[in-house]
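Residue numbers (the working numbering), protein chains in the order written: chain A, 1 to 411; chain B, 412 to 786.
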Amino acid sequence: MKFVYMMLMAGLLVAATPAVVFSDNCLDCHQTFEDENGPSHLITKDVHYQNGLSCVSCHGGDSTMSDMDDVRKSSSFRGVPTYLQVPDFCARCHSNPDYMHDHNPRLPVDQLEKYKTSIHGKRLFEKHDTKVANCVSCHSVHEIGNAKLPYSSTYPLNLPFTCGKCHADSAHMAGYNIPTDQLAGYQVSVHGKALLEKEDLSAPACNDCHGNHGAAPPGINSLAAVCGMCHAIEAELYNASPHRAAFDELDLPMCVVCHSNHKILPPGDFMIGLTDPAVCGNCHSRDDGTKAPATIDSMKATLANLSQARDSARQILDDAETKGMMTTDEEFLMKEVDQSLIQTRTLIHRFDIDTLGPTAVQGIENARKVQTESAGLINQYYFRRKGLAVATLIITLLAIGLYIKIRRMGR
Amino acid sequence: MPEPAKSQNGSLAHKAYHWLDSRLQIRQLVDYMGHKVVPVHGHSIFYYFGGLTLFLFMVQVATGILLLMYYRPGADSAYESVRFIVSEVSFGWLIRSLHSWSANLMIFTVFLHMFTVYFTFAYRKPRELTWLTGMGLLGLAMAFGFSGYLLPWNSLAFFATRVGTGMAGTIPVVGDWLMIIMRNGEEVTGATIGRFFGLHVAILPALFTVVLSVHLLLIQRQGMSEPLEWRDKPPETKKYIKFFPQFLYRDLLVWLIALNVLALLAVIFPDGVGVLHWPLGEKADPFAAPPASIRPEWYFMFMFQALKFLPAHMWFITGELFGVLFFTIGGIIWTLVPFWDRTSLKGRRSKMVIWFGLLALVFMIVMSILGYVLD
Chain A
1 MKFVYMMLMA
11 GLLVAATPAV
21 VFSDNCLDCH
31 QTFEDENGPS
41 HLITKDVHYQ
51 NGLSCVSCHG
61 GDSTMSDMDD
71 VRKSSSFRGV
81 PTYLQVPDFC
91 ARCHSNPDYM
101 HDHNPRLPVD
111 QLEKYKTSIH
121 GKRLFEKHDT
131 KVANCVSCHS
141 VHEIGNAKLP
151 YSSTYPLNLP
161 FTCGKCHADS
171 AHMAGYNIPT
181 DQLAGYQVSV
191 HGKALLEKED
201 LSAPACNDCH
211 GNHGAAPPGI
221 NSLAAVCGMC
231 HAIEAELYNA
241 SPHRAAFDEL
251 DLPMCVVCHS
261 NHKILPPGDF
271 MIGLTDPAVC
281 GNCHSRDDGT
291 KAPATIDSMK
301 ATLANLSQAR
311 DSARQILDDA
321 ETKGMMTTDE
331 EFLMKEVDQS
341 LIQTRTLIHR
351 FDIDTLGPTA
361 VQGIENARKV
371 QTESAGLINQ
381 YYFRRKGLAV
391 ATLIITLLAI
401 GLYIKIRRMG
411 R
Chain B
412 MPEPAKSQNG
422 SLAHKAYHWL
432 DSRLQIRQLV
442 DYMGHKVVPV
452 HGHSIFYYFG
462 GLTLFLFMVQ
472 VATGILLLMY
482 YRPGADSAYE
492 SVRFIVSEVS
502 FGWLIRSLHS
512 WSANLMIFTV
522 FLHMFTVYFT
532 FAYRKPRELT
542 WLTGMGLLGL
552 AMAFGFSGYL
562 LPWNSLAFFA
572 TRVGTGMAGT
582 IPVVGDWLMI
592 IMRNGEEVTG
602 ATIGRFFGLH
612 VAILPALFTV
622 VLSVHLLLIQ
632 RQGMSEPLEW
642 RDKPPETKKY
652 IKFFPQFLYR
662 DLLVWLIALN
672 VLALLAVIFP
682 DGVGVLHWPL
692 GEKADPFAAP
702 PASIRPEWYF
712 MFMFQALKFL
722 PAHMWFITGE
732 LFGVLFFTIG
742 GIIWTLVPFW
752 DRTSLKGRRS
762 KMVIWFGLLA
772 LVFMIVMSIL
782 GYVLD
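Spelled out as structure tokens, the structure:
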């Protein structure tokens, strides 16, 4: 009996041992007095915690100690950093190439360096402005998530609102002399709708134009480069256009002059022209003494002709398709018309009728070809129907004749 | 040798008849057909389904030959040639549409013919061979459908054929060998088109013609089956019409109506409608993702759906193999019905035959509907 009792106790001791070894006294203790929004609860969602780090990894101390006074006295204890200390606090690991190589080699280690070049970093370090963003402003404190995870504050769909927490708050931004309508403008913009409504993760969020850790407003000279990261062909055409030199001379912010910045609405042919809602009239007038009005009129007319030809071709092609005709070849040609229209609209950025003219003419020719061929298909459809009516009539008459013959034979 | 018929008047038809008769003595055949009779009763309409199937087969042959003029088998030419047929060749769209519609209607009338023969016990002695050749024709008609489905080499046909031939691979011992024979290799490729094309335009038509000839010969020799109830009926109460010309004229009338329906369907729905749909679509791409819903032709749907319902493993064999064995054994029992149904020989309806037939019919209909509803 004694032996059995000893074996039982030994078994219990062995079973209890891992619990003792792996317990985290920080969490055990803090969770007793913090609510579910407290750090000790939030940290369980944190990417660091999920990858094996714990409270002591950042705050120092010893998680095996049960008395907080003993923890504070321990040599490694770092406690809670001040707002100014946060960037360096995080950079202990994130700027340490050896440490990051062991834990997450895919992450860069230059965040702090970039941050120091940003408006946020400069104001924090140079002016000790604690209203500007530091690491935790964007990444949160204890529930830091990987930017690829939908619940993370830096996930593309959440990022505009993360930035907007400060930049759309007029009280917070008071004194900085910058507008607070960027988020509202972005939300109705073509980019914002693509990202936030269509959930197209390839659409740009704030950081795609402004950078993330090195966040800064793009300067006038870098605007074409920023927009050109995605709109490369437009940027190239713009750089070769007469606008490039003129805008440089007048210190005008390139793409923004016509397309605005945050509230970039879907572009359209309506933007070409000298009267509202066209944007050319913002700088040019009919009698400004330049070649611009003639070029604008010519581009507008060319685009209108191509658009009209394309729409007519689409309409008649849809009609042929609805009638059940085989339209594979015409659809293929129609794609070329659509392509011509896209290319012509892109070539507008060169602001030269000789550049976009041939593409538009080719598109119009193809659209007319689609119209002619689709009309032929529709004629063919009616020819089939008439042929069917004649054939059905003949067969029906034959059947009736045969039926009469059978009836007569039956008598 | 009987005296050739004398022409009664000078019409062109009679002159032609006289010309032929003086050489081939066709009067004997006409006399024979003149003596042949067809029973008249409440279910006489069933007698026309066989003729209707024959008519649709003739449409198949005629339209198939026309398609053959332009169709080019091969991975690089099959799809393009079908596209050329429907878009460039004069009336090519109509020929393809007629071919597709008549193929589907033919399978339908074959099934209709089989079930009417089955439920009227017309397979009983002495017509066992007629039933067996009919079942052979059903199998050949389905093989026609299966082999023809791949020939346009479009995306749906490619993946459906891959699934269909893959099922053959589940048969024990000979499965892999059979699958390779069918595919002309390990995978469905351009070589498979060549094999299916050969089957579709040469081997199957030759076999079909032979079996059909035997089937028709047996029908002509034995005549139409009389209903079971006529066994004890006094001869004077039985009604008949002459095969020639009364029944033949009625058959022709049915054919004309069928031709009209076929023409309407082919012109109004050239790419089919509902579950009978054969748009050319995209060209087959073996490296592309399979379409969202791969499904076979409607007449294979009941088997396809039943196999989908089966678990991965049943006892010591795979679910697929169980399904293949189930349909094989079921098909054999069905085919051999003239040999195990002894009741109808005594002039009585066999309840077992009726229940077995109803079970098979309900199973096929329910599984087919589920196949489309759950898709």
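For every residue, glycine included, the Cβ atom is placed at its ideal position computed from N, Cα and C. Since we're looking at a predicted model, the values are computed, not measured.
DSSP three-state assignment for residue 411(B), whether helix, strand or coil
The structure shown does not extend to residue 411(B), since chain B is modelled only from 412 through 786, so no value can be given for it.
Which first and last residues belong to the beta strand (DSSP E) in which residue 652(B) is found?
650–653
Residue-chain proximity (residue 22(A), chain B), Cβ-Cβ < 8 Å
Only weak support is given to the placement of residue 22(A): the predicted model assigns it a pLDDT of 47, under 50, and the question is left unresolved by the model.
Under the rule that 16 or more other beta-carbon atoms within 10 Å means buried, what is residue 409(A), buried or exposed?
exposed
If the cut is a Cβ gap below 8 Å, which residues of chain A does residue 543(B) touch?
The premise fails here: residue 543(B) is roughly 33 Å from chain A at the closest Cβ pair, so nothing lies under 8 Å.
Going by other Cβ atoms of all chains shown within 10 Å of its Cβ, with 16 needed for buried, is residue 471(B) buried or exposed?
buried
8 Å Cβ cutoff, residue 494(B) in contact with chain A:
yes
Using only CA atoms, which one of 274(A), 56(A), 180(A), 191(A) lies nearest to residue 75(A)?
56(A)
Check residue 729(B) in the structure and name its three-state DSSP category.
strand
DSSP puts residue 450(B) in a beta bridge; with which residues?
651(B)
Whole angstroms is fine: what's the gap from residue 305(A)'s alpha carbon to residue 311(A)'s?
10 Å
Using only CA atoms, which one of 385(A), 371(A), 254(A) lies nearest to residue 350(A)?
254(A)
Runs of 3 residues minimum, wholly inside the stretch 590–658 of chain B: which ones carry the beta strand (DSSP E) assignment?
650–653
Just mark residue 300(A) as buried or exposed, buried being the case when its beta carbon has 16 or more other beta carbons within 10 Å.
buried
Three-state secondary structure (DSSP) at residue 366(A)?
helix
Going straight from the alpha carbon of residue 587(B) to that of residue 597(B), what length do you get?
9 Å
For a contact meaning CB atoms closer than 7 Å, what does residue 418(A) contact in chain B?
A question about residue 418(A) goes unanswered here, because the residues of chain A that appear run from 1 up to 411.
Using 8 Å as the limit for Cβ to Cβ distance, is residue 329(A) near chain B?
yes
Would you identify the three-state DSSP class for residue 465(B), choosing helix, strand or coil?
helix
Just reading off the alpha helix (DSSP H) that residue 754(B) is part of, what are its end residues?
Neither: residue 754(B) is in no alpha helix (DSSP H) and is coded neither H nor E.
Residue range of the alpha helix (DSSP H) that residue 344(A) falls in?
328–347
When Cβ atoms are compared, which residues of the stretch 560–580 of chain B fall closer than 7 Å to chain A?
none
For residue 188(A) versus residue 131(A), is the C-beta spacing smaller than 8 Å?
no
Interface residues of the stretch 314–347 of chain A facing chain B [CB-CB below 8 Å]:
324, 326, 328, 329
For residue 180(A), collect the residues of the same chain with a Cβ closer than 8 Å to its Cβ; drop the 5 residues on either side in sequence, then sort them by chain order.
167, 168, 169, 170, 173
Rounded to a whole number of angstroms, what is the C-alpha to C-alpha distance between residue 244(A) and residue 260(A)?
17 Å
Less than 8 Å between CB atoms is the rule here; does residue 437(B) satisfy it with respect to chain A?
no
Please identify the residue among 291(A), 297(A), 328(A), 256(A) whose C-alpha is closest to the C-alpha of residue 270(A).
297(A)
Name the DSSP beta bridge partners of residue 724(B), please?
729(B)
Should residue 318(A) be labelled buried (16 or more other beta-carbon atoms within 10 Å of its own) or exposed?
exposed
Quick check: is the beta carbon of residue 402(A) nearer than 8 Å to any beta carbon in chain B?
yes
Report yes or no: is there a C-beta of chain B within less than 8 Å of the C-beta of residue 408(A)?
no
Residue 405(A) CB to nearest chain B CB: under 8 Å?
yes
Partners in chain B for residue 375(A), counting only beta-carbon separations shorter than 9 Å
By Cβ distance, chain B contributes nothing, its closest Cβ being about 16 Å from residue 375(A), past 9 Å.
Quick one: give me the first and last residue of the alpha helix (DSSP H) that residue 85(A) is part of.
Looking at the DSSP string, residue 85(A) is not in any alpha helix (DSSP H), and its letter there is neither H nor E.
If you reduce the DSSP assignment to three classes, tell me which class residue 177(A) lands in.
coil
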